[in-house]
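Asker:
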Amino acid sequence: MPVDLKQFSNPEYKPGSKVRRAFWFLFNAFFLRNPYNPFGGIKRGVLRMFGAKIGKGVVIKPAVNIKYPWFLTIGDNSWIGENVWIDNLGKVDIGSNVCISQGALLLCGNHDYKKTSFDLIVGDIQLEDGVWIGAKAIVTGNVVCKSHAILTAGSITSKNLDAYSIYGGNPAEFVRERKLEDIVK
Amino acid sequence: MPVDLKQFSNPEYKPGSKVRRAFWFLFNAFFLRNPYNPFGGIKRGVLRMFGAKIGKGVVIKPAVNIKYPWFLTIGDNSWIGENVWIDNLGKVDIGSNVCISQGALLLCGNHDYKKTSFDLIVGDIQLEDGVWIGAKAIVTGNVVCKSHAILTAGSITSKNLDAYSIYGGNPAEFVRERKLEDIVK
Amino acid sequence: MPVDLKQFSNPEYKPGSKVRRAFWFLFNAFFLRNPYNPFGGIKRGVLRMFGAKIGKGVVIKPAVNIKYPWFLTIGDNSWIGENVWIDNLGKVDIGSNVCISQGALLLCGNHDYKKTSFDLIVGDIQLEDGVWIGAKAIVTGNVVCKSHAILTAGSITSKNLDAYSIYGGNPAEFVRERKLEDIVK
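Chains as they are written, first to last, in my numbering: chain D, 3 to 187; chain H, 3 to 187; chain A, 3 to 187.
1. Please report the residue range of the alpha helix (DSSP H) in which Arg2 of chain H lies.
2. Quick check on the DSSP output: what are the complete beta strand (DSSP E) runs of length 3 or more inside the stretch 19-77 of chain D, in order along the chain?
3. So is Arg180 of chain A in contact with chain D if we call contact Cβ pairs under 8 angstroms?
4. Check distances from the C-beta atoms of the stretch 30-45 of chain H to those of chain D and list, in chain order, the residues that come in under 7 angstroms.
5. Using a Cβ-Cβ cutoff of less than 6 angstroms, which residues in the same chain neighbour Val146 of chain H once the five nearest sequence positions on both sides are dropped?
6. CA-CA distance, Ile76 of chain D and Gly57 of chain A?
7. Thinking C-alpha only, which one of H:Asn79, H:Gly59, H:Gly18 and H:Ile102 is nearest Tyr204 of chain H?
8. Just to make sure I have the definition right: I need the residues of chain A whose C-beta is within less than 8 angstroms of the C-beta of Ile140 of chain D. Which are they?
9. Closest to Asn85 of chain H by C-alpha separation, out of H:Lys138, H:Gly53, H:Asn172 and H:Asn12, would be which residue?
10. Which residues in the same chain have their Cβ closer than 7 angstroms to the Cβ of Val5 of chain A, if we skip the five residues on either side of it in sequence?
11. So what does DSSP say about Leu163 of chain H, is it helix, strand or coil?
12. Is Glu179 of chain D buried or exposed, if buried means 16 or more other CB atoms sit within 10 Å of its CB?
13. Quick test of your reading: Ala106 of chain H and Gly136 of chain H, contact by CB under 8 angstroms. State the CB separation rounded to the nearest angstrom.
14. The beta strand (DSSP E) that contains Gln1 of chain H, what's its start and end?
15. Alpha carbon to alpha carbon, how far is Ile185 of chain H from Lys116 of chain A?
16. Quick one: list the residues of chain H neighbouring Tyr115 of chain A, beta-carbon separation under 7 angstroms, in chain order.
17. Step through the CB atoms of chain H and report whether any lies within less than 8 angstroms of the CB of Gln104 of chain D.
18. From Asp89 of chain A to Pro64 of chain H, what distance separates their C-alpha atoms?
19. Using 8 angstroms as the threshold, is the C-beta distance between Gly42 of chain A and Ile62 of chain A below it?
20. In the DSSP assignment, what are the bridge partners of Leu153 of chain A?
21. Taking the beta strand (DSSP E) that Trp111 of chain A falls in, what are its first and last residues?
22. Helix, strand or coil for Leu7 of chain H? Go by DSSP, reduced to three states.
23. Can you check whether the C-beta of Val146 of chain D is within less than 8 angstroms of a C-beta belonging to chain A?
24. Taking Cβ-Cβ distances shorter than 7 angstroms, what residues in chain A pair up with Leu109 of chain D?
25. Applying a beta-carbon distance threshold of less than 7 angstroms, which residues of chain A neighbour Trp81 of chain H?
26. Can you check whether the C-beta of Pro173 of chain H is within less than 8 angstroms of a C-beta belonging to chain D?
27. Between Lys187 of chain A and the rest of its own chain, which residues show a CB-CB distance below 6 angstroms, the 5 nearest in sequence each way excluded?
28. Would you report the Cα separation of Lys55 of chain D and Val66 of chain D, rounded to the nearest angstrom?
29. Please classify Pro37 of chain A as buried or exposed, where buried requires at least 16 other C-beta atoms within 10 Å of its C-beta.
30. Identify, in the order they occur along the chain, each residue of the same chain with its Cβ nearer than 6 angstroms to the Cβ of Gln104 of chain H, setting aside the five sequence neighbours on each side.
Here it is in C-alpha cells:
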C-alpha cells in the first residue's frame, strides 16, 4: 500500500496542551469565528489571554478563524479582514500596517507527499510592515512577504515576495513594482 | 514610515447611518448568513425592508452574506447561490436571469496602494442579464459583466467581460464564445 | 429573451425525497457545518444514518458541508479537512487514505450554458486511493483523480488527473510526478 494515513503521526510537533487547545477551540468559535461579534476589543483581549502578541490599533473583523493564538504576533495598526483564516500551525508574524483582506488564508501546514506516512510539515509565515494580502488570497508556509509587498485578490504564493512588489496569479508571479507616490522610500 | 494605516480615513464615503448598518449587521447574520435558514421569502422580505430592489422569482440560498442591501438591485428570476458574498460597499446591479454560483464573491472595495494612507476605493459592479458567475469566482469593483457573459468556477476578473463570452483563469482571459443553441440572439 | 431561468426545471434529477433532504439540511447544519462540533464519531454516525458509506478511521474536521450523504462513499483512513464542501449533487466516491485539505470544494453541479433553460448537469467525482486535494482547491463534476494524484492548494480542475502526478493552477496543469520515496509502487 502506497500512502497509508494510519501511519501518520507527528509526535515531535507540540502545538500546546490538549486542554489549552480545547479551550481555545471554544473561544475561537464563540468570539472570533462568530459572525455576530463585531467587537474588536473583545477579540484582541481574548487573543492576548491565549498568548497572542497584538499591537495597538489592530482591527479584527467578524468571522475570523485563528488556529493557535500563542503562535501569533501582530504589530500596530494592522487589519484582519472578515472571514480571514490564520491557520497557524506554525508561527505567523504579522508586522505593522499590514492589511489582510477578507477571506484570505495563511496556511502553515503542509504534508510530505513523498512519504507513505504523509508527514506533517509546518512552516512559519512572515508578513512584513505594509504588506497587503488581497481578498481570498493564499500564502503557504515558509513564506516571507517582504516590506510592502502585495498579493492580489485570489492569488496564491508559496514563494517569498519581494519588497514593494505586486504579485498575482496561481502560482503568483511578479506583476509590477509598488511605488508609493507620497513618500520617499 | 511608508504605509501608515492610522492615516486611513474615508470621510467622503457614506454608506448609511451607523444605526442602519448596525441593524443590518444583525439581520444579515440572523436571516442571510445563517446556514439554518432555507426560506427565500423571508430573505427577500428582509432585504427589501432594508432598501434592496429585488424582482420576481429571485432565489437566495443559505449562508449568503450581503454588505449593504440599500446598494443592491436584482432583476427577475436571478439566483444567489449558497455562501455567495456580495461585499457591496458600492452599488451592485444584478440583472435578470443571472446565476451567481455557490461561494462567489462580488468585491467592490479596493485600496489605493500608492498612498501611504491606503485610501479606500469603491467601485460598482454590474452583472447584465443572463450572466453566470461560477462557483468561488471573484468579480472586483468597476467591472461590468455584459449580457450572458460567463466567468468560470474559481476565476477572477477585474476587467469587463464581453457579452456572450466565456472567461476563465486568474486573471480571467477569454476562453470561447457562448452560443445559445436554441435561440436567435 | 435569451437565458430564462423561469424555464429551469430538472424533473429527471431525483436526489431523494423532500422530507429526507429537509431533515438532512438540519442535521448537516447542526452536526457538520457547526464550527463548535469537533467530534468526528458523531459526524460519522450521522452521515451513516443518512446513507453514507464510511470506512474505518475517517477523520472529519469542523465546519464541513455535505449536500447529500446518500451519494457519498469514503474508504478507510481518509481525512475531510475543516470547511471542506462536498457539494455532491452527484455521487462522490472517495477512496482510502485520501486527504481533502481545508476549504476544498467538490462541485458536482454544472449548467448547460448553451440552453436558454440553463439545464442542470450533474457529474460524479471519484478520488482514488491516496489522492490529495489541496486547501481551497476545486474539483468539478465528471472528474476522476486517479491513484495518488495531487491537486495543489487553490488549484482548479475540470479534467481527470493522472495517477502519481501533481497538478496546479487554474485550470490545473501537470507540474511534476509524485514519487513516493519509501515504497516500490
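We treat Cβ as the ideally placed atom computed from N, Cα and C, and that holds for glycine. All of these numbers come straight from a predicted model, not from anything done at the bench.
Answerer: This is what the structure gives:
1. Outside the shown range of chain H (3 to 187) lies residue 2 of chain H, about which nothing can therefore be said.
2. 74-76
3. In the third sequence, the residue the question calls residue 180 of chain A occupies position 178. So, interface residue.
4. Ala31 and Arg35
5. Translated into the one-based positions of the second sequence, residue 146 of chain H becomes position 144. If we look at Val146 of chain H and ignore the five residues flanking it on each side, its Cβ neighbours are Gln128 and Asn162.
6. The residue given as residue 76 of chain D occupies position 74 in the first sequence. The residue given as residue 57 of chain A occupies position 55 in the third sequence. Using only the alpha carbons, I get a separation of about 42 angstroms.
7. There is no way to answer for residue 204 of chain H, as the model of chain H reaches only from 3 to 187.
8. Sequence index remark: in the first sequence, residue 140 of chain D carries index 138 (1-based). Per Cβ cutoff of 8 angstroms: Ala137, Lys138, Ala155 and Gly156.
9. Residue mapping note: residue 85 of chain H aligns to position 83 of the second sequence, counting from 1. The shortest C-alpha separation from Asn85 of chain H is found at H:Lys138.
10. Here residue 5 of chain A refers to the residue found at position 3 of the third sequence. Sequence-distant partners of Val5 of chain A (beyond 5 residues in either direction) whose C-beta falls short of 7 angstroms from its own C-beta, in its chain, are Thr118 and Phe120.
11. In the second sequence, counting from the first residue as 1, residue 163 of chain H sits at position 161. Strand at Leu163 of chain H.
12. Here residue 179 of chain D refers to the residue found at position 177 of the first sequence. That one is exposed.
13. Looking up residue 106 of chain H in the second sequence gives position 104. Looking up residue 136 of chain H in the second sequence gives position 134. A Cβ-Cβ separation of about 7 angstroms places Ala106 of chain H in contact with Gly136 of chain H under the 8 angstroms criterion.
14. The structure shown does not extend to residue 1 of chain H, since chain H is modelled only from 3 through 187, so no value can be given for it.
15. Stepping through the second sequence from its first residue, residue 185 of chain H is reached at position 183. Stepping through the third sequence from its first residue, residue 116 of chain A is reached at position 114. Approximately 9 angstroms between the Cα atoms of the pair.
16. On the third sequence, residue 115 of chain A is found 113 positions in, with the first residue counted as 1. Within chain H, the residues whose beta carbon sits less than 7 angstroms from that of Tyr115 of chain A are Trp134, Ile152 and Arg180, listed in sequence order.
17. Counting from 1 along the first sequence, the entry for residue 104 of chain D is found at position 102. So, interface residue.
18. Residue mapping note: residue 89 of chain A aligns to position 87 of the third sequence, counting from 1. Residue mapping note: residue 64 of chain H aligns to position 62 of the second sequence, counting from 1. Each residue's Cα considered, the two are about 13 angstroms apart.
19. The residue given as residue 42 of chain A occupies position 40 in the third sequence. The residue given as residue 62 of chain A occupies position 60 in the third sequence. Yes, the pair counts as a contact, with Cβ atoms nearer than the cut-off.
20. As a first step, residue 153 of chain A is located in the third sequence; it is residue number 151 there, counting from the start. Partner(s): A:Ile135 and A:Tyr169.
21. Along the third sequence, read from residue 1 onward, the residue named residue 111 of chain A stands at position 109. Going by the sequence as given, residue 111 of chain A is Gly instead of Trp. Its beta strand (DSSP E) spans residues Gly111 to His113.
22. Walking along the second sequence from the start, residue 7 of chain H turns up at place 5. Reduced to three states, the DSSP call for Leu7 of chain H is helix.
23. To locate residue 146 of chain D, count along the first sequence from 1; it is residue 144. Judged by the 8 angstroms Cβ criterion, Val146 of chain D is not in contact with chain A.
24. For the purposes of this step, residue 109 of chain D is identified with residue 107 of the first sequence, where counting begins at 1. The contacting residues are Ala137 and Ala155.
25. Start at 1 with the first residue of the second sequence, and residue 81 of chain H comes out as number 79. Residues of chain A passing the Cβ test: Leu7.
26. Looking up residue 173 of chain H in the second sequence gives position 171. Output row for Pro173 of chain H: interface = yes.
27. In the third sequence, residue 187 of chain A corresponds to position 185, counting from 1. With a pLDDT of only 48 at Lys187 of chain A, under the threshold of 50, the placement of this residue in the model should not be trusted, and no figure is reported.
28. On the first sequence, residue 55 of chain D is found 53 positions in, with the first residue counted as 1. On the first sequence, residue 66 of chain D is found 64 positions in, with the first residue counted as 1. Approximately 17 angstroms between the Cα atoms of the pair.
29. For the purposes of this step, residue 37 of chain A is identified with residue 35 of the third sequence, where counting begins at 1. A buried status is given to Pro37 of chain A, since no fewer than 16 other beta-carbon atoms sit within 10 Å of its beta-carbon.
30. Along the second sequence, read from residue 1 onward, the residue named residue 104 of chain H stands at position 102. Hits under 6 angstroms: Gly83, Glu84, Asn85 and Ala137.
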